[in-house]
Every structure is written in C-alpha cells, then in structure tokens.
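Chains as they are written, first to last, in my numbering: chain S, 2 to 146; chain P, 2 to 146. Ideal Cβ placement from N, Cα and C applies to all residues, glycine included. Just below is one structure, and these are the notes that go with it.
There are 2 protein chains.
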Amino acid sequence: MDRQQMARLLCSHGVRPTQQRLSVYEYLLGHPIHPSVDTVYEAVSVDQPTFSRTTVYNTLHALVQAGLVRELPLCSEERRYDAGLTPHAHFRCVACGCIKDVPLAQDTVTSLLPDGGETLAGCMVQGQELSLSGLCAACSADHEV
Amino acid sequence: MDRQQMARLLCSHGVRPTQQRLSVYEYLLGHPIHPSVDTVYEAVSVDQPTFSRTTVYNTLHALVQAGLVRELPLCSEERRYDAGLTPHAHFRCVACGCIKDVPLAQDTVTSLLPDGGETLAGCMVQGQELSLSGLCAACSADHEV
DNA sequence: TTCCTTATTTGTAATGATTACAAATATATA
DNA sequence: TATATATTTGTAATCATTACAAATAAGGAA
Numbered sequence: 002m003d004r005q006q007m008a009r010l011l012c013s014h015g016v017r018p019t020q021q022r023l024s025v026y027e028y029l030l031g032h033p034i035h036p037s038v039d040t041v042y043e044a045v046s047v048d049q050p051t052f053s054r055t056t057v058y059n060t061l062h063a064l065v066q067a068g069l070v071r072e073l074p075l076c077s078e079e080r081r082y083d084a085g086l087t088p089h090a091h092f093r094c095v096a097c098g099c100i101k102d103v104p105l106a107q108d109t110v111t112s113l114l115p116d117g118g119e120t121l122a123g124c125m126v127q128g129q130e131l132s133l134s135g136l137c138a139a140c141s142a143d144h145e146v
Numbered sequence: 002m003d004r005q006q007m008a009r010l011l012c013s014h015g016v017r018p019t020q021q022r023l024s025v026y027e028y029l030l031g032h033p034i035h036p037s038v039d040t041v042y043e044a045v046s047v048d049q050p051t052f053s054r055t056t057v058y059n060t061l062h063a064l065v066q067a068g069l070v071r072e073l074p075l076c077s078e079e080r081r082y083d084a085g086l087t088p089h090a091h092f093r094c095v096a097c098g099c100i101k102d103v104p105l106a107q108d109t110v111t112s113l114l115p116d117g118g119e120t121l122a123g124c125m126v127q128g129q130e131l132s133l134s135g136l137c138a139a140c141s142a143d144h145e146v
C-alpha cells in the first residue's frame, strides 16, 4: 500500500492524513512486529528528528480509535500495537518477551460465544483478543539444556 | 475455604502462608471483581493499617508465580487480578471499565489451536486468555438514549 | 523456650510509561 | 491570501510499578 492509498484509508476512517500519522501507520504496516510506542518513536525519528513522542502517542490513539490499529492486551510493561486486522491470536514468550502471530480462522473466537458473540448478557461485543503465553521455540530449547 | 485450607493450598504451591499473603488471597477469593493492586491494598489496609503496598505487589507476584492467581491482560492502565481458575473469558466495557466473567466450556480455547494448543510452531503454550471488549448492558442502554 | 538463620514486610526513593498542557506549527476552507 | 481549526511539539506532571535497605516475622535447631 503506497502513501496515497494510506491517506485515503485514513480519510475514510475520519483521520486526517498528516505526514506524521502516515509515517506511523506506514511503519506499523511495514513492520508487523507489534512494536511499542518507543520502538515506533525511534524508527520514525530517524528520518524526522523533530518527531515528538507525544505525537506517536496521539497518532496511535487516533488510529486505534478509528479501528485501523489494535492495541494488544498482552499486559506487559508497555503497550504494543498492531496494524494487522486479519483475525489472529498472539503468543507471548514469558522468557524473552517476543510476540508471535497465531493465525485463526475467521469467526473461530466468536463461535465460542452465545449468539455468535453478538450479545452477551446484554453486552455489545465489539472487540476480541485471544492471548497465549508460554515459552517460544528458542526459549524452550534453552530450558532443556 | 477457611484460612487454614488456604494456608495448606499456599504451602502445596510453595508459597509460605504469611498473614499478609493469606489476607490478599482471601480478599481475591471473596471478591471476584478482578481488583487492581490498589483495590486490594485499600481493602486489606482497613483491618491492618500497616499493610504495605509493596507487600501487595510482592504477594500478587508470588501468587501468580505459583499459579494460584491470574494476571488479566486487559491492557488498561492498571493490572487486574483474578483468583478464579475455572476457564472463563473476560469482557471489559470500554465505557465504564467494568469487567465481567464470560463462562467458557473447558478446552474451548485450546481446541482452536493446532495440536490442541500443546505446541505452536515449537512454542510451549502455558497460559491463555480470551478478552472481549465493547459496551456492557448498562452503557449500551445509555448510548441508545 | 530461646537462639539463629532466612524469608518477608515495610516505607521511601527511583524508574519508566503515559498524560496534561500551552505555545508553535500545519492544514483546510473561505 | 486570510482565517479558523486541528495537529504537533516539548516540557512538566502523573501514576503504576520496581528497587532497595532496614525492620520484622517465621521456622528450625539446640
């Protein structure tokens, strides 16, 4: 997706496509590593040294609000973000902290819930996230040694 | 569960049953409201005014480490804890912040994953958490008005 | 019980992520 | 171009969590 397409996408979601917002969104799309605020900040600062950390916060909030980016509830020390919107779960290694995507078939999560997840004792379910934790391949190998 | 049974349970999980730890665990078991550290601290401080906030942190870490308490990855501003170990998901209202339990049949989550969740591209899955978000019954009613 | 060793608790200080805020800047519209 | 509005910036404040060392409590041995 080029920058112009991104701009249109942001517009259609009610987010004004400023240079800074495009930079952040472009980084998220191009680096599906579930980066923290600081990782994003360091990356976009390389080309634009006056980029403000506050702008990264503001932009991520705006993109999450618009539904273009997910904030991952992985309950670590810092928040992680993901611009990938295809349904997938996340696995977090408790040893090294790495986060891996786990593909899921569409609707597998909602299928677990009554009414297909539409309602839930009167609640309106809007978002869902399946988080797994444990030892990644590398770390579990280390443990065996 | 009385305090003596709790003490035995803690012992069997390698956690020395001190007065403070029993108080925290008793509070969690008796108040399945997914309390924050501060909520626990305020509660146990009523009877024991010298209870330290640090002890609440230490105790929750110890109980989580021992597998007696779950730390909920709901990605809010503060961590929430749950002593209920029966498999269930959590629904968090984005408007009021309330957290509700969502019952799940045993193994429904792991059944979504390859190999029943045992392995995952070489990863050892140890924990799992299904988080839902949206508007609770009360808040969605408010929205309609 | 008393002594001794070790683990835990306490309270304060430090850390680090996030937010508040106001001035400066950019953007969109007329 | 001029004007109004939204965004960005940088600093300061906030708040949850952690680090740390002294004080205290718990458990075992004599």
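query	result
Unbroken alpha helix (DSSP H) run spanning Ser24/S, endpoints	20-31
Contacts of Cys137/P in chain S (Cβ-Cβ under 7 Å)	Cys124
Spatial distance of Asp39/P from Leu61/P (CA atoms)	12 Å
Limits of the beta strand (DSSP E) - the one that Asp3/S falls within	That residue, Asp3/S, is in no beta strand (DSSP E); it is neither H nor E in DSSP.
Contact list for Phe92/S against chain P, beta-carbon separation under 9 Å	Leu121, Ala122, Cys124, Val126
Length of the line joining the Cα atoms of Ala67/S and Gln49/P	46 Å
Distance CB(His35/S)-CB(Asp83/S) smaller than 7 Å	yes
Beta carbon proximity, Leu131/S to chain P, threshold 7 Å	yes
Exposure label - Ala63/S; buried when at least 16 CB within 10 Å	buried
Contact residues within the stretch 36-62 of chain P, judged by C-beta distance below 9 Å to chain S	none
C-alpha gap between His91/S and Thr56/S, whole angstroms	27 Å
Contact set for Val16/S: own chain, Cβ-Cβ below 6 Å, skip 5 residues either direction	Ala63, Ala67
Where Met69/S meets chain P, residues with beta-carbon distance less than 9 Å	The residue you asked about is not Met; residue 69/S is Leu in the sequence shown. None at all; the shortest Cβ gap to chain P is about 16 Å.
Three-state secondary structure assigned by DSSP to Ala8/P	helix
Three-state class that DSSP yields for Gln129/P in the structure shown	strand
Closer than 7 Å to chain S by CB, Ser24/P	no
Option nearest Leu29/S by Cα separation, candidates Ser46/S, Val103/S, Gln20/S, Val70/S	Val70/S
Nearest neighbour of Cys124/S, chosen from Leu133/P, Thr87/P, Cys124/P [CA to CA]	Leu133/P
Closest by C-alpha distance to Asp143/S, when choosing among Pro33/S, Ala96/S, Gln129/S, Gln6/S	Ala96/S
Arg93/P vs Leu75/P beta-carbon contact at 7 Å	yes
Limits of the unbroken alpha helix (DSSP H) element including Leu73/S	It is not in any alpha helix (DSSP H) - Leu73/S instead sits in the beta strand (DSSP E) that spans 71-73.
Start and end residues, beta strand (DSSP E) containing His14/P	Neither: His14/P is in no beta strand (DSSP E) and is coded neither H nor E.
Ser37/S vs Glu72/S beta-carbon contact at 7 Å	no
Residues bridged to Tyr82/P (per DSSP)	Glu72/P
Counted within 10 angstroms of its Cβ, other Cβ atoms place Leu86/P as buried (16 or more) or exposed	exposed
Helix, strand or coil at Ala138/P [DSSP, three-state]	helix
Beta-carbon proximity check, Gly135/S vs Val41/P, cutoff 7 Å	no
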